[in-house]
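Trainee: Let me begin by handing over the structure; questions about it come next.
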């Protein structure tokens, strides 16, 4: 069932540099449960695209299967979307990106879609450093099939039916850093102030950008004993840094204390401005990023913010030396060797 | 061709080697020399699933009549593998020849009176002439080729020029190779009466034909058809498709100005990812393909269902091999027919193409890219190990430079810009649209101002697609594997789902007459009995038809090249009382396809089957048909 969103918008909604108001970045009305963290993330994605003046049709939205994977319908209705098969979004995104390197690829997945059935593809899309945003809406459970534990549920956490998860959880952010992801961030669906700049930075990153967002499941995993509930996450969030994303050629207005501010220049000329809260953490250093994540895990806390970034990275196209022009724009004249060459090939086979 | 008792240009040689000993290139030299002498020749590799140390055979049929299938009965065995020697010895036909390495004497049990033994001390000769151990091993192979040159009358200058071409750029290797050839020549001239009664004589029977493998031809077809994205996972016997694509692409697809690649090849983590990438690339407007074999097709089933239902073009090349599971991965079979035709869950079916020669591998692969975009559904090219990995004498490849890539119904930015007019925006999801009256003259107007991804504007079941990034405000939609209406909006409404499935069936009907036509072997039907064969059964079937005709048994013949079946296919089946269906699998899968799709009466269909992993022979066909007609 699709619901019709009311078409009335306040005429005085602010407009971005392209003349669009934020509603231009919305999608159809969500069919997820009321209060679902995923809807806040969809709104954050729309907000990030609005603020960075992105033409929606220059974005391709891709997803697998699950509650999270339904969301591409709920933001950017002027973008093409591909709701593919369970756990296989990375491969579809890889093919799409190879066909046209000029679009922004936004992949949305869930913890079941990524950490279980899709683990193989998740691992390999990181290895290839595909230029995309890979956002996991992580709630530690399977919502669409009514609340089974997922592989990111913490050992010892209790689900709605009261049963305790026996198995170790997979920490996707640690895994992404370990595998060589060149942008790894973690956030909480209830913290839009942090999430929007992270998404903006992820979109400007020239390689694989992983954003793990804890997004409580209000229906099946928002109970006492769950480490993915709103209350638990609010109480246990530890932030690496306050963060601003500064688009290309904008003046940086810092209001942080001196000595704690770090500017990271992104490939496209934009900047990430960080106000560090964690002392022993350097976002450009994989080892200290890994240590910081592990230290907070030991304390039962969730470290959020930008965890690691390598702004000067080479994506898959750089590695395999594809043409700067998108492959899907090449013409027959550029692709077909023609009959003269075929005559020569024939001659070589006699 | 019998000539004073001599079997000139009509014999079978089998080389029995140990794999990994460099025999492949020496044996190929023999084939190429016969080819250069203008005589029809067909080599077959019969090799183990192993890298080094196990028995491997290379069987070459020389046939002045141009028969390209395998033939039973070995006229000359080159037995250089001690492991397989007892069987190799037994396999020589009465009156045939057994060439072996006589560095050690043959054991006493090798005592057949009905064959001629030709002992050449290959190892001793090489040990005396070459000091390096690897050279001693490699040149043993070249010495027996030299011996064959004298025994079977291979023109020595032909061998010399082939060696020269093979080692172009490594000239230092030419001299020792020629020396090894001459060692073989000299030894047999001195010790045996040359030539034997099985011998070669130069002919001009090949015209401008080429010697080429199906896998390379498929790769070249993909290059010519404009494929830019190849994703794959290694699996025998399909691996050399992408190897060849990579080789040709690095030669013909590099931008002359920037030096950058006008293609992308990704070795995926598995077959699931490979086809996912292909679907992603095609969705985004690049021509893309993957190649695999039976087990890979199984893994791709889920994604094939998605591509079918979401109507994303996809080209899959299935180089079939023997057996369920890992079966016999280095042996040939046509046993993925049903798996491919109905791959995936739910109601799905896919167009298949059945090339029978490397030339057709080239053509049908290129056609597959047009067909998949015209039909917006996966198209599977069904070859097999025999066609893919062996060299075949085939007609030269032809490309018409005026041919344009047919991208099917894709709306451009300009067309989307013109999509103005009355909006039908108030339609709810699931509600039937009112357009689609069948007129295809002005498709844009029939959208009534609102693009609908799954609207059947032309009444042929094929909707109009848009490529991401085409237009700022028109043409975007969410592609999904779950049910949706004509405007790509999610719905679980039963009527809408059924309407969509019925439209997909209309598309299937459209496909029937869009696919390549069958080949008919007669102007008009002349018999009540007919025979149907496809792919690599073709060579042996053609030979069997001639042999049967010699015995007074006349059969009308049809070689289908595609599924779904067109009207002329149905007419052919309907106008015969008895139809033999030749195929290389146990379960008569092609026959099943006819029964399922056409409702053909099973009583009139007679299966002729081969499923031992080797290519079917004319004798097998002959015997099975004769037994039935008795």
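Protein chains in written order, with the working numbering: chain W, -8 to 341; chain X, 2 to 631.
We put the CB at the ideal spot given by N, CA and C, even for glycine.
At 9 Å on the CB atoms, spell out the chain W contacts of residue 263 of chain X, in chain order.
Mentor: Counted from its first residue, the second chain places residue 263 of chain X at position 262. Correct list: 313, 314, 316, 318, 321, 325 and 326.
Trainee: Using beta carbons (cut-off 8 Å, strictly below), is residue 233 of chain X in contact with chain W?
Mentor: Position 232 of the second chain, counted from the first residue, corresponds to residue 233 of chain X. No, residue 233 of chain X lies away from the interface with chain W (no Cβ there is under 8 Å from its Cβ).
Trainee: Taking Cβ to Cβ, would you say residue 292 of chain X is nearer than 8 Å to residue 282 of chain X?
Mentor: For the purposes of this step, residue 292 of chain X is identified with residue 291 of the second chain, where counting begins at 1. For the purposes of this step, residue 282 of chain X is identified with residue 281 of the second chain, where counting begins at 1. No, the Cβ-Cβ distance between residue 292 of chain X and residue 282 of chain X is not below 8 Å.
Trainee: Distance check for residue 507 of chain X and residue 615 of chain X, CA to CA, integer angstroms please.
Mentor: The count along the second chain starts at 1 and reaches residue 615 of chain X at position 614. The count along the second chain starts at 1 and reaches residue 507 of chain X at position 506. About 39 Å.
Trainee: Residue 529 of chain X: which of X/364, X/556, X/275 and X/337 sits nearest, CA to CA?
Mentor: The residue given as residue 529 of chain X occupies position 528 in the second chain. Ranking X/364, X/556, X/275 and X/337 by Cα distance to residue 529 of chain X puts X/556 first.
Trainee: Interface residues of chain X around residue 63 of chain W at Cβ under 7 Å?
Mentor: What you label residue 63 of chain W is simply residue 72 of the first chain in a count that begins at 1. The CB of residue 63 of chain W comes closer than 7 Å to the CB of 479 in chain X, given here in chain order.
Trainee: So with CB distances below 8 Å, who are the chain X contacts of residue 83 of chain W?
Mentor: Along the first chain, read from residue 1 onward, the residue named residue 83 of chain W stands at position 92. Going along chain X in sequence order, the residues near residue 83 of chain W (Cβ under 8 Å) are 277, 278, 280, 281 and 284.
Trainee: Can you find a CB in chain X that lies within less than 8 Å of the CB of residue 6 of chain W?
Mentor: Along the first chain, one-based indexing puts residue 6 of chain W at 15. So, not an interface residue.
Trainee: Helix, strand or coil for residue 393 of chain X, going by three-state DSSP, please let me know.
Mentor: For the purposes of this step, residue 393 of chain X is taken as the residue at position 392 of the second chain. Reduced to three states, the DSSP call for residue 393 of chain X is strand.
Trainee: Please look up how many angstroms separate the CB atoms of residue 382 of chain X and residue 344 of chain X, rounded, as I've assumed it's under 8 Å.
Mentor: Start at 1 with the first residue of the second chain, and residue 382 of chain X comes out as number 381. Start at 1 with the first residue of the second chain, and residue 344 of chain X comes out as number 343. Not really, about 14 Å apart at Cβ, beyond 8 Å.
Trainee: If you count every other CB in all the chains shown that lies within 10 Å of the CB of residue 547 of chain X, and 16 or more means buried, which is it?
Mentor: One-based indexing of the second chain puts residue 547 of chain X at position 546. It counts as exposed.
Trainee: Please compile the residues from chain W whose C-beta is within a distance smaller than 8 Å of the C-beta of residue 270 of chain X.
Mentor: Counting from 1 along the second chain, the entry for residue 270 of chain X is found at position 269. Per Cβ cutoff of 8 Å: 111, 112, 114 and 115.
Trainee: Could you say which of X/630, X/62, X/512 and X/38 lies nearest to residue 567 of chain X if we only look at CA atoms?
Mentor: To locate residue 567 of chain X, count along the second chain from 1; it is residue 566. Selected option, being the one with the closest Cα: X/512.
Trainee: Within 8 Å of any Cβ in chain W, is that where the Cβ of residue 474 of chain X sits?
Mentor: In the second chain, the residue the question calls residue 474 of chain X occupies position 473. True, the Cβ-Cβ gap to chain W drops below 8 Å.
Trainee: Residues bridged to residue 299 of chain W by DSSP?
Mentor: Here residue 299 of chain W refers to the residue found at position 308 of the first chain. Note: residue 299 of chain W sits in a beta bridge opposite W/175.
Trainee: Residues in the region 283 to 310 of chain X with C-beta within 9 Å of chain W's C-beta atoms, listed in sequence order?
Mentor: 283, 284, 285, 286, 287, 288, 289, 303, 304, 306 and 307
Trainee: Which same chain residues, not among the five before or five after residue 254 of chain X, have their C-beta less than 6 Å away from its C-beta?
Mentor: For this step, residue 254 of chain X is matched to residue 253 along the second chain. These residues qualify, in order along the chain: 263 and 264.
Trainee: Between which two residues does the beta strand (DSSP E) carrying residue 481 of chain X extend?
Mentor: Within the second chain, the letter at position 480 stands for residue 481 of chain X. Where residue 481 of chain X is concerned, the enclosing beta strand (DSSP E) stretches over 479 to 481.
Trainee: With 16 other CB atoms within 10 Å as the buried threshold, where does residue 672 of chain X fall?
Mentor: Past the edges of chain X, shown from 2 to 631, lies residue 672 of chain X, and the structure says nothing about it.
Trainee: Just checking: is the beta-carbon of residue 72 of chain W within a distance shorter than 8 Å of some beta-carbon in chain X?
Mentor: By one-based count along the first chain, residue 72 of chain W stands at place 81. Yes, residue 72 of chain W counts as interfacial toward chain X.
Trainee: Going by DSSP, which residues form a beta bridge with residue 334 of chain X?
Mentor: To locate residue 334 of chain X, count along the second chain from 1; it is residue 333. According to DSSP, which records beta bridges pairwise, residue 334 of chain X is partnered with nothing at all.
Trainee: Taking only beta-carbon positions, decide if residue 49 of chain W is within less than 8 Å of chain X.
Mentor: Residue mapping note: residue 49 of chain W aligns to position 58 of the first chain, counting from 1. Yes, residue 49 of chain W counts as interfacial toward chain X.
Trainee: For residue 184 of chain W, report the span of its alpha helix (DSSP H) as first-last.
Mentor: On the first chain, residue 184 of chain W is found 193 positions in, with the first residue counted as 1. Its alpha helix (DSSP H) spans residues 183 to 195.
Trainee: Under 8 Å, do residue 362 of chain X and residue 333 of chain X count as touching if we go by C-beta distance?
Mentor: For the purposes of this step, residue 362 of chain X is identified with residue 361 of the second chain, where counting begins at 1. For the purposes of this step, residue 333 of chain X is identified with residue 332 of the second chain, where counting begins at 1. No, these two residues do not count as a Cβ contact at 8 Å.
Trainee: So that I know if they touch, is there some Cβ in chain W lying closer than 8 Å to that of residue 236 of chain X?
Mentor: Numbered from its first residue, the second chain carries residue 236 of chain X at position 235. Answer no: the Cβ-Cβ gap between residue 236 of chain X and chain W never drops below 8 Å.
Trainee: Can you have a look at residue 63 of chain X and say buried or exposed, based on whether 16 or more other CB atoms are within 10 angstroms of its CB?
Mentor: By one-based count along the second chain, residue 63 of chain X stands at place 62. Flag for residue 63 of chain X reads buried.
Trainee: Chain X beta carbons: is any one of them nearer than 8 Å to that of residue 0 of chain W?
Mentor: For the purposes of this step, residue 0 of chain W is taken as residue 9 along the first chain, with counting starting at 1. By the rule that beta-carbons nearer than 8 Å mark a contact, residue 0 of chain W does not touch chain X.
Trainee: Do you know how far the Cα of residue 62 of chain W is from the Cα of residue 457 of chain X?
Mentor: Translated into positions along the second chain, residue 457 of chain X becomes position 456. Translated into positions along the first chain, residue 62 of chain W becomes position 71. If you take the alpha carbons of residue 457 of chain X and residue 62 of chain W, they lie about 28 Å apart.
Trainee: Starting from residue 33 of chain X, follow the beta strand (DSSP E) in both directions and report where the run begins and ends.
Mentor: Your numbering for residue 33 of chain X matches position 32 in the second chain. Note, residue 33 of chain X: premise wrong, no beta strand (DSSP E); alpha helix (DSSP H) at 24 to 37.
Trainee: Suppose the cutoff is 7 Å on Cβ atoms and the five residues either side in sequence are ignored; what does the same chain contact list for residue 11 of chain X look like?
Mentor: In the second chain, residue 11 of chain X corresponds to position 10, counting from 1. So the list reads 2, 63, 64 and 65, once near-sequence residues are dropped.
Trainee: Under the rule that 16 or more other beta-carbon atoms within 10 Å means buried, what is residue 46 of chain X, buried or exposed?
Mentor: On the second chain, residue 46 of chain X is found 45 positions in, with the first residue counted as 1. Taking every protein chain shown into account, the CB of residue 46 of chain X has 16 or more other CB atoms within 10 angstroms, so this residue is buried.
Trainee: Look up residue 233 of chain X in the DSSP assignment and give the residues it is bridged to.
Mentor: Here residue 233 of chain X is taken as the residue at index 232 of the second chain, counted from 1. Paired residue(s): X/268.
Trainee: Taking all protein chains shown into account, decide if residue 630 of chain X is buried (16 or more other Cβ within 10 angstroms of its Cβ) or exposed.
Mentor: Walking along the second chain from the start, residue 630 of chain X turns up at place 629. Result: exposed.
Trainee: Is there contact here, the region 20 to 27 of chain X with the region 136 to 145 of chain X, by at least three beta-carbon pairs under 8 Å?
Mentor: yes
Trainee: So the candidates are W/153, W/137 and W/160; which of them puts its Cα closest to the Cα of residue 146 of chain W?
Mentor: If you number the first chain from 1, residue 146 of chain W lands on position 155. Nearest C-alpha to residue 146 of chain W: W/160.
Trainee: Does the count of Cβ pairs from the region 106 to 114 of chain W and the region 87 to 96 of chain W closer than 8 Å reach three?
Mentor: no
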